[in-house]
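Chains A and B, in that order, are what the protein sequence lines are. Take 344 as the starting number for the first sequence in this note's numbering and just add one per residue. Take 721 as the starting number for the second sequence in this note's numbering and just add one per residue. Positions of the beta carbon are idealized from the N, C-alpha and C atoms, including for glycine.
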Amino acid sequence: MKYAYYPGCSAESTARDQYMSVNEVAKALNIELAEIKGWTCCGSTPAHHTGKLLSLALPAANLLMVKKMGLDMVVFCAACYNRMKAANHEIKANPEIRKKVSEALGEDYDGSVNVYHFVEVLLKDIGAAKLKKAFTHSLNGLKVSSYYGCLLVRPRDVTNFDDPENPTIIDTLITTMGGESIDWPHKVECCGGGFALTRTDIVVELSNSVLGMAKTSGAQCVAVACPMCQINLDMRQSDILKAKGNDYNLPVVYITQLLGLCLGISSKKLGMDKCVVSPKPIIELSREVV
Amino acid sequence: MTIVISKDKKADSLINDVREISGVDVRSCLQCKKCTNGCPVTGLAIVPPSEIIRRLQLNQEDDILESDLVWMCASCETCFTRCPMKIDMASVMDALRIMAVKKKASKQKGNVRLFNKSFLTTVRLFGRTYDLGMIAAYKAGTSSYLQDTDKFPMMLRKGKIALLPSFVADKKYIKRIFKKKND
């Protein structure tokens, strides 16, 4: 199994832990991730706020690099994943757009590179049964809220990730690891996403709602698959306490960090010391060998 | 919602601009309000998404670009996902933001426009985003120096923010894309 890996800009700053844990888990499961040499930003929300061509050409530049590598693309950041899929979708559906994007790139791109999120690859290439055999440690009944947010699941026709209202891919992984995937209604609610800097008040409002529901539903931690969800839900807990008086103290970890623990990888190598709310209780719980 | 209809408006211009930019025709909207009911910022914004569409249909366009929702929409795409008429409302909101910049509508709380500009400038210069540069440019422009100052030492300590920009991005395509964008 070899993929072209697109880490995304946050992997170099706010989501170093995502980068570390994806690499560690891939290595342990013999998934070869060849990082795209010289990859560039997908443009994220600021690009689609600014212009359609810009928002499609920026991801397409990376898809073109991957096409030349002759591989499928793997992404972890949900925002990058969404933009890559959106570029492919529009380029395939509309010859006029393909022409414009290709003109901007100076080379033709046909929208043909397959794009997968890392968790999709785990279930597609390895599968729950084999994963279970690979785990040396267990989550020991840890109650986890699987949180998908917006950009993995929506729009359905563009990402084709899972059911847009009740996705279960991350839940399946949690159960496979011996955790309890709790039933809760905020799986695909928005955390405030890209408003982290501009409208912190909106992030506080929306993240408070997500965390509050997770806590009420009995979660001991929240598992995410997007760097923006992670930083909003984790780092803003102190602001939520100040603004709303709600002290959640709920660890928010990447699904790959939980997978790494169950594969016997040290929490340090998985970057878990970078979490703002300490995930120590989870690390201790998963120490027990299966 | 109260929409005052005046007859002396120029007909159909913003609805056409929106269609031109986004490829979305909002005239098929039934006003079922599933978009509004699912919108995470409905309770926070004054104008809900279904009202934006109704205003577009009625050519009440001056107010639309000044609506708080234009810069409060988080692009979560719940509206599009649940729309029975498959109206891509998230793309409509993108088109409205592009028109708001073009027509110099007011910047509104949070100044998302400045953030977008700062973000894209770092992408143009380095090929990837550079958080510190982007944050500095945004803070300088909004005089919000004190916001989140409590978080920076922690982020630096935990290595959650890079001190230097990335210099390994291949800017071959980036240069062309940004040049084309300005053509």
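Tell whether a beta-carbon distance below 9 Å holds between residue i and residue j.
| i | j | result |
| --- | --- | --- |
| isoleucine 766 of chain B | leucine 816 of chain B | no |
| aspartate 577 of chain A | valine 619 of chain A | yes |
| lysine 428 of chain A | threonine 502 of chain A | yes |
| phenylalanine 800 of chain B | methionine 809 of chain B | yes |
| aspartate 890 of chain B | tryptophan 382 of chain A | yes |
| valine 832 of chain B | histidine 392 of chain A | yes |
| leucine 485 of chain A | cysteine 564 of chain A | yes |
| tyrosine 893 of chain B | glycine 449 of chain A | yes |
| leucine 584 of chain A | alanine 477 of chain A | no |
| lysine 443 of chain A | leucine 406 of chain A | no |
| methionine 412 of chain A | alanine 354 of chain A | no |
| cysteine 755 of chain B | cysteine 796 of chain B | no |
| asparagine 483 of chain A | glutamate 378 of chain A | no |
| isoleucine 545 of chain A | glycine 535 of chain A | yes |
| histidine 480 of chain A | serine 610 of chain A | no |
| leucine 401 of chain A | valine 843 of chain B | yes |
| cysteine 420 of chain A | cysteine 569 of chain A | yes |
| phenylalanine 887 of chain B | phenylalanine 846 of chain B | yes |
| arginine 426 of chain A | glycine 386 of chain A | yes |
| threonine 798 of chain B | cysteine 533 of chain A | yes |
| threonine 519 of chain A | asparagine 836 of chain B | no |
| asparagine 779 of chain B | isoleucine 741 of chain B | no |
| leucine 613 of chain A | aspartate 451 of chain A | no |
| leucine 785 of chain B | lysine 823 of chain B | yes |
Quick check: is the beta carbon of residue i nearer than 9 Å to any beta carbon in chain A?
| i | result |
| --- | --- |
| glutamate 786 of chain B | no |
| glycine 830 of chain B | yes |
| tyrosine 893 of chain B | yes |
| aspartate 783 of chain B | no |
| serine 863 of chain B | no |
| asparagine 757 of chain B | no |
| leucine 840 of chain B | yes |
| glycine 853 of chain B | no |
| asparagine 736 of chain B | no |
| aspartate 808 of chain B | yes |
Hey, is residue i's beta-carbon within less than 9 Å of any beta-carbon in chain B?
| i | result |
| --- | --- |
| methionine 408 of chain A | yes |
| cysteine 650 of chain A | No answer is possible for residue 650 of chain A: the residues shown for chain A start at 344 and end at 633. |
| glutamate 463 of chain A | no |
| isoleucine 626 of chain A | no |
| arginine 497 of chain A | yes |
| glycine 521 of chain A | no |
| lysine 442 of chain A | no |
| arginine 630 of chain A | no |
| alanine 404 of chain A | yes |
| cysteine 423 of chain A | no |
| proline 507 of chain A | yes |
| lysine 475 of chain A | no |
| aspartate 451 of chain A | no |
| valine 619 of chain A | yes |
| proline 594 of chain A | no |
Would you mind giving the Cβ-Cβ distance between residue i and residue j, rounded to the nearest angstrom? I have them listed as a contact below 8 Å.
| i | j | result |
| --- | --- | --- |
| valine 464 of chain A | isoleucine 608 of chain A | Actually they do not touch by this definition, with Cβ atoms about 18 Å apart. |
| alanine 691 of chain A | serine 488 of chain A | Residue coverage of chain A in this structure runs from 344 to 633, which leaves residue 691 of chain A outside it and unanswerable. |
| isoleucine 881 of chain B | leucine 852 of chain B | 6 Å |
| leucine 834 of chain B | tyrosine 865 of chain B | Rounded, the Cβ-Cβ distance is 14 Å, inconsistent with contact. |
| isoleucine 513 of chain A | valine 553 of chain A | Not a contact, Cβ separation roughly 14 Å. |
| alanine 566 of chain A | leucine 601 of chain A | 6 Å |
| isoleucine 807 of chain B | valine 746 of chain B | 6 Å |
| lysine 878 of chain B | lysine 617 of chain A | 5 Å |
| threonine 849 of chain B | cysteine 352 of chain A | 4 Å |
Over what stretch of residues does the beta strand (DSSP E) that includes residue i continue unbroken?
| i | result |
| --- | --- |
| methionine 705 of chain A | Look at the range of chain A in this structure, 344 to 633, and you will see that residue 705 of chain A is not part of it. |
| alanine 566 of chain A | 564-567 |
| tyrosine 348 of chain A | 345-349 |
| glutamate 375 of chain A | 375-378 |
| valine 724 of chain B | Premise fails: valine 724 of chain B is in no beta strand (DSSP E) and is neither H nor E. |
| tyrosine 459 of chain A | 458-460 |
For residue i, report the span of its alpha helix (DSSP H) as first-last.
| i | result |
| --- | --- |
| valine 738 of chain B | 733-742 |
| aspartate 360 of chain A | 359-371 |
| tyrosine 424 of chain A | 421-436 |
| isoleucine 773 of chain B | 769-777 |
| alanine 403 of chain A | 395-412 |
| asparagine 831 of chain B | Run containing asparagine 831 of chain B: none; DSSP gives neither H nor E here. |
| isoleucine 855 of chain B | 851-862 |
| phenylalanine 945 of chain B | For chain B, the structure presents residues 721 to 903; residue 945 of chain B sits outside this window and is missing. |
| cysteine 385 of chain A | Note, cysteine 385 of chain A: premise wrong, no alpha helix (DSSP H); not H, not E. |
| cysteine 352 of chain A | No alpha helix (DSSP H) holds cysteine 352 of chain A; DSSP gives it neither H nor E. |
| threonine 869 of chain B | Looking at the DSSP string, threonine 869 of chain B is not in any alpha helix (DSSP H), and its letter there is neither H nor E. |
| lysine 754 of chain B | 754-758 |
In chain E, what lies closer than 8 Å to residue i by C-beta?
| i | result |
| --- | --- |
| phenylalanine 800 of chain B | The displayed structure is made up of protein chains A and B, and chain E is not among them. |
* Within the region 464-544 of chain A, note down every full beta strand (DSSP E) run reaching 3 residues or more, in order along the chain. => Uninterrupted beta strand (DSSP E) stretches at least 3 residues long and entirely within the region 464-544 of chain A occur at 486-489, given in chain order.
* Asked: What are the start and end residues of each continuous alpha helix (DSSP H) run of 4 or more residues lying completely inside the region 570-626 of chain A, in chain order?
  -> Complete alpha helix (DSSP H) runs here, min 4: 570-578, 580-587, 598-605.
* To do: Any chance you could list the alpha helix (DSSP H) runs of at least 4 consecutive residues sitting entirely within the region 786-820 of chain B, in chain order?
  => As far as the region 786-820 of chain B is concerned, its whole alpha helix (DSSP H) runs of at least 4 residues are 798-802.
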